[in-house]
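Protein chains in written order, with this note's numbering: chain C, 1 to 464; chain P, 1001 to 1345; chain B, 2001 to 2299.
Worksheet for the structure shown next.
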Amino acid sequence: MSDASAAADGDAPDADESDNGSFTLWDQDAVKLTTLVIGLFALYLLGGYLLGYGTRQQLASIGQLSVLIGVFAMLALALNLHWGYTGLFNIGIIGFMAIGIYATAVLSKGAATAEPAAGSTGGFGLPLWMGIIGGVIAAAIFGGLVALPALRLRADYFAIVTVGISEIVRFTLLETEIQKVQIAGYWTGLGGGSGLILDFDPTDRFLEAFGLMDAYIGFSDTLGEQLGVGSNPKPIFDTLLYGLILFVFLIGFYMLLQRTGNSPYGRVLKAIREDEEATKSLGKDTNRFKIKGFMLGCALMGLAGILFYAEQGAITPDAFRPRLTFYVWIALIIGGAGSNTGSVAGGAVFAAFLFRGPIFFKNIVQNTFDSLDAPSTFGQAVSPITGADPIPLVAYTIDNMGQLQLVLMGIVLIYLMHNRPEGMFGHRKEPASPIRLQDRTQPKPAASAAATDGGRDQGGTDDE
Amino acid sequence: MGVSGTYDRGRELFVEDPIRAVIIVVAVVLVLDGVRQLAVGATQFSELGVMLKDGLMRGLFFGLAGIGLSMTYSILNFANFSHGDLITGGAFGGMIATYVIAGGFGSEGDIGSLMLLGSGATAIALALVIDRLVYKPIRDRSGITLLITSIGVAFTLRYLILFVFDGSRRGVTQSGAIPTVDIPAIDGTVSLNLHELSLVVVAVGLMAGLHFLLQRTKLGKAMRAMSDNEDLARITGIPTERIVTYTWIIGAGLAGVAGYMFVIWNGTLHWFQGWILLLPIFAAVILGGIGSIYGAILGGLVIGLTMSISIMWLPSGLTRAAAFFIMIVVLLVRPQGIFAGRATA
Amino acid sequence: MAAGTREAPTMSDTEAGTPDAATEHDAVGDADADEAESRVTGTVPLRVEGLRKEFGGIVAVDGTSFEIEEGTMTGLIGPNGAGKSTTFNCITGVHEPTAGTVQFQGEDITGLAPNKVANRGLVRTFQIARELEEMTVLENMLLAPKGQRGEALWRSVLPFVRGSVIEQETEILEDCWEMLEFFEIDHLAHEYAGNLSGGQRKLLELARALLTEPTMLLLDEPFAGVNPSLEERLLEHIHELREQGYTFLIVEHDMDLIMQNCEHIIVMHQGQVLTEGTPAEVKQNEQVVEAYLGGEVGE
């Protein structure tokens, strides 16, 4: 309450002025981001139309896209807090996500008091919301443990330490000795190489928690029938609902980080990014700021990891290779480090064009030319080139889009670093104050107005 | 001095640098426990011998591959995350060379040296093309920009390799046909095969050659000058662009050769091998002190031996974790590396 | 205007009414009281004794001792490599001295972290101005004030307590504007600090340092890279501040400037204090002339 009114006060003096303001920006940015996401949806629907998708496929496609946009935007936001704001070069993102989802899994998997069958294990049977909170806290604490000693390292060393730690996390998850252990009568463990079955469906748990399950099933059946989704419409609506839930979380992330960014706290983080020594010389205990910022970012990465993997039904350590960390980096760099709005946009663009786009494109092409028989090896694809027959190569290329997509990501990253290191949307200024820093409203003392001349001239031609 | 001096030094260490003191204590405990394991027969001498041999092989590989990484790190001022994929690229290049010229695998000997050259040449060609296209236009940017760019290069290279060569693991040697000698150990034998022997010979030979190059030639001196202070080197008339080219040639050449040696030692070749090896190589370079050639070699040996010997105490899945852990500890305790003091060479 | 500048601490008075300000208020209030007291009693604020700093085997500062009197402007000069900057860095906590002590207002601050030294009222500027380039001038200024409630993450983020943060921010903003006006750079408030000229950066750095409510300022070559007209203005401001009771220690290369503006001069050479005294005394000291290899000393 007090917050809202104070914000309104800050806005009041010239609310009609739309440029360089800090509070009108939020509205504008929200509009921009919404437009972007709707545009991406429209593009996918168009693609689906070209593919001759039925309603069911169209809805499924939109649902999956929403989930990916939500996850990558959240991760880019969290990384932006580390890198964009504080200058902490974290390339161990996936490790913190793994900690988050594994902690959630162990806490919330069904309790097993008798030894489970080989290749499976149980958990502590806590409600999912408690598991999620536990996972977030675990990621934050782990982040703190990493940060405490590592914060004084230079950026490139910090990067190597974080990627090393994310790999240590993965090796630990693979470890057979803690695959299945008994703690306080409960059989649990990390599942080793075969991973963990997540016997909780987040969408169902969400609906059950609010007592909406029956209503939801009735609703999805009716709507499914009307839209012609076909039999068993629930999974389709589940994905859509989950996408919606992720968007709600995304809005939460965005608001939290906007607030963090424009607070005096965020101002110190930015100052640390610019020059830590100078910030210290102004009496700021920079280490404390950095640790807190790092822990918050890790907590958010953990939460994003939980939300990403909880829906997938199972997790294996193989999913936590460093590749995903670099996806998030590409998303952030597309959007422009240092800007929350850019992070969300970068996450959305990455998810739609680089992550899902190539596969979608492959489907379109293969659907259009269904006679296309792809050779199984590159050699077979290339050899006809000498006979001026590029079709096998094209077919091979399309067939192996999954690999080429990562080549494309690499090239995009190189291109951005060469040409647009500030992001696709250019340099963005986000204010470092919770109030609007317009020009001074009070009348200036006459003396200062007269004296401004001296400073304007930088060339040293002042009269002396 | 004598005992009391040592005692005083020890006490001083605990007070002033508790982290390092703890590390020393842990190391001593591990060594004592190792001796105990040998004494009670929990670990046989021949097993230890095999571990040491494996560690040495791995260490030589890390060292050889690490030299290139260390050189680009100190002369071009960035951590090159695509170094691992340069290794993979070199190994595949060597494979193609053999394939094209000899028409497939099978025979050893001459083919081996052909592959060796092919690997080195491929890696050098790759590195020079990449440098021209990617790094040269942004030479003056910060190390962080270059680092991020190198991640892009790594992605491009790695998945191009996957695209062209698919994801299978290739066996490249016939394990039965390799000449092997058994070296007697106290309670068994340690076998040494031709591949292992050639790894030792190639690694030591190349390291010695590099030592000569850096110490005795004008190029070597210019490289050392540039790694110390690039601006100063430029002012004093050292042709920095040419030095950069030579840095890539030497670094990538060694990486390619190392990749090939690893492949024949390990027996398989696959598309993300280099990436898996990159972090231990980083560990070796950091351990030895960035920019130090000898540091890279010694660091490589430490990391290689750690990965082999830590199995005496750790489950086998965590030996790589142990190597990373050592790297992190070194970064925290002594970020300039354990053998630092001088820059390159 | 000058009075306004001096009033920076008033923000703690006005925040008394806000909900959870009680404890903060006390803390800030006490600090103010201490500061006021020390200014009145006129102790020797800075005392350096036997300061020594080695890097590897090289001794950069070798047993330096000196005292700075309240309300004075002292110049620290010496040829390149004399150890001036290292001395500065040891005083302000950037380096931990190998030996020796630094006392500030009667308390031992040897080896304290730079932020702790700054929080005790001993604030420095840098040889190459350390403005925060990607932040505007005004944001640079807003960073400086002490005791900002919004620097606690939870207060900045949680809804109901954020009101007090905004309230304090409004007050701080006013202080910042006053300071910018005092230094006559308020017209640059929305400019990125990275776009300022060398002299403007120095002005910004000094203005920013003052917002931390220091009692003593250490200026590392404040006139390097400043054009003559801005140099004049910077000097005026420094003199004005000194009259208000601030104590200054200035490292400077330009001998003339130091001779004309400082009442006390410390000359360092090879890591040690060669001599100290009034400008006239220092000028006549032959060792000083020798240390500077003749020619470079003033006229």
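Even for Gly, the Cβ is constructed at its ideal location relative to N, Cα and C.
Does the beta-carbon of residue i have 16 or more other beta-carbons within 10 angstroms, so that it is buried, or is it exposed?
i: C:L246; result: buried
i: P:A1233; result: buried
i: C:L139; result: Note on residue identity: the sequence assigns Ala, not Leu, to residue 139 of chain C. By the 10 Å Cβ count, C:A139 comes out buried.
i: C:Y415; result: exposed
i: C:S376; result: exposed
i: C:S220; result: buried
i: C:L46; result: exposed
i: C:F369; result: exposed
My guess is that residue i and residue j are in contact by the Cβ rule of under 8 Å, so how many angstroms apart are they, rounded?
i: C:I94; j: C:A159; result: Actually they do not touch by this definition, with Cβ atoms about 14 Å apart.
i: B:E2240; j: B:G2199; result: B:E2240 to B:G2199, Cβ: 17 Å. No contact.
i: C:L68; j: C:A381; result: Contact doesn't hold; Cβ gap of about 30 Å is too wide.
i: B:L2206; j: B:T2125; result: 6 Å
i: P:F1045; j: P:D1187; result: 5 Å
i: C:F361; j: P:F1155; result: Actually they do not touch by this definition, with Cβ atoms about 19 Å apart.
Taking the alpha-carbon positions, what's the residue i to residue j distance?
i: P:L1162; j: C:G338; result: 34 Å
i: B:P2045; j: B:T2136; result: 33 Å
i: B:A2060; j: B:K2084; result: 9 Å
i: C:L223; j: C:R56; result: 12 Å
i: C:L257; j: P:T1145; result: 25 Å
i: C:Q438; j: B:E2236; result: 29 Å
i: P:V1202; j: C:F249; result: 56 Å
i: C:L50; j: C:L354; result: 20 Å
i: C:Q28; j: C:S263; result: 20 Å
i: P:L1331; j: B:D2062; result: 31 Å
i: C:G283; j: B:G2150; result: 15 Å
i: P:G1089; j: C:Y242; result: 42 Å
i: P:A1083; j: C:I291; result: Looking at the sequence itself, residue 1083 of chain P is His, so the reference to Ala does not match. Spanning the two alpha carbons is a distance of roughly 31 Å.
i: P:L1213; j: P:T1072; result: 16 Å
i: B:H2025; j: C:S281; result: Confidence at B:H2025 is low in this model, with a pLDDT of 41, below 50, so the placement of that residue should be treated as unreliable; the coordinate-derived value is given next. Spanning the two alpha carbons is a distance of roughly 23 Å.
i: P:E1047; j: C:V365; result: 57 Å
i: B:E2049; j: B:G2100; result: 6 Å
i: B:E2281; j: B:E2069; result: 18 Å
Taking residue i as the reference, which of the options has the closest Cα?
i: C:I132; options: C:L107, C:G119, C:G211; result: C:L107
i: B:F2066; options: B:G2056, B:V2059, B:L2051, B:G2057; result: B:L2051
i: C:G293; options: C:V268, C:L282, C:D275; result: C:V268
i: B:Q2146; options: B:E2169, B:H2187, B:G2163; result: A small fix is needed here, since residue 2146 of chain B is Lys in this sequence, not Gln. Residue B:E2169 is the option with its Cα nearest to B:K2146.
i: P:V1257; options: P:V1029, P:F1061, P:L1318; result: P:F1061
i: B:H2269; options: B:T2064, B:E2049, B:T2110, B:M2141; result: B:T2064
i: C:N232; options: C:I217, C:V136, C:G335, C:I334; result: C:I217
i: B:E2213; options: B:Q2244, B:A2189, B:E2221; result: B:Q2244
i: P:Y1260; options: P:K1218, P:N1229, P:L1213, P:H1195; result: P:H1195
i: P:L1314; options: P:G1034, P:G1093, P:M1115; result: P:G1034
i: C:P235; options: C:A215, C:L212, C:D201; result: C:D201
i: C:G228; options: C:G211, C:G54, C:G164, C:T121; result: C:G54
i: C:T397; options: C:L151, C:F206, C:A374, C:G135; result: C:A374
So the alpha helix (DSSP H) residue i belongs to, where does it begin and stop?
i: B:G2050; result: Looking at the DSSP string, B:G2050 is not in any alpha helix (DSSP H); the run it does join, the beta strand (DSSP E), is 2046-2055.
i: B:V2094; result: Element bounds for B:V2094: n/a, residue is neither H nor E.
i: C:Y242; result: 234-261
i: C:G426; result: Unbroken run through C:G426: none, as it is neither H nor E.
i: C:D285; result: Taken as a continuous stretch (DSSP letters only), C:D285 belongs to no alpha helix (DSSP H), as it is neither H nor E.
i: B:F2126; result: Where B:F2126 is concerned, there is no enclosing alpha helix (DSSP H), given that its DSSP letter is neither H nor E.
i: C:T470; result: The question about residue 470 of chain C has no answer, for chain C in this structure spans 1 to 464.
Tell me the residue span of the beta strand (DSSP E) that contains residue i.
i: B:H2264; result: 2264-2269
i: B:S2065; result: 2058-2068
i: B:T2275; result: 2272-2277
i: P:I1148; result: From DSSP, P:I1148 is part of no beta strand (DSSP E) but of the alpha helix (DSSP H) over 1143-1165.
i: B:T2074; result: 2073-2077
i: P:N1193; result: 1188-1193
i: P:I1183; result: 1180-1185
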